[in-house]
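Read the structure below first, then the notes.
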Amino acid sequence: MEFLNRRIHIREFSLPVSIGFYEAEKLRPQRVLIDVDLLLAPLRGAMPDDVRATVNYDLIHQAIPPLVAGRHFDLQETLCHEILSLCAGLKGVTGARVWVRKPDIYADCESAGYSAEIVVPDAV
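Position in the sequence shown (first residue = 1) + 40 = the numbering used here.
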């Protein structure tokens, strides 16, 4: 048996991020919600109850805060692409989709954001 379309998810990871190109946005960090969807390499055979058979989502959860700390992003697109690059470097990841959203930008909207995805060629 082969398991296709295996995914690891992180949803609504909330972080303060220095982001935005308007002068008012540069004054203080804004709350950003980040969603990560990692597509994993197919698994042949039964799923062993062993973390080595998957990707530990702690790797993403722990890597994003230092990525955003101490710097400013003018665009959500830039932040999103940097997180995608991080995801693409993980062993066993064959693709990734990242959503970055500002939930506090408009009073009449849940959020405003950007998403992108990447396919990792030659992923193991």
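Beta carbons are placed, not taken as given, at the ideal position from N, Cα and C, and that holds for glycine. It should be emphasised that the depicted structure is a prediction, and the values quoted were computed from it without experimental measurement.
- Distance from the Cα of residue 71 is smallest, within the candidate group 60, 56, 83, 81, for 56.
- Counting of Cβ neighbours within 10 angstroms places residue 80 among the buried residues, the total reaching 16 or more.
- Counting only runs of 3+ residues, the beta strand (DSSP E) found wholly inside the stretch 101-155 occupies 133-142, in chain order.
- Beta-bridge annotation (DSSP): residue 56 is paired with 71.
- Residue 144 and residue 61 do not touch by the CB rule: their CB atoms are close to 17 angstroms apart, not below 8 angstroms.
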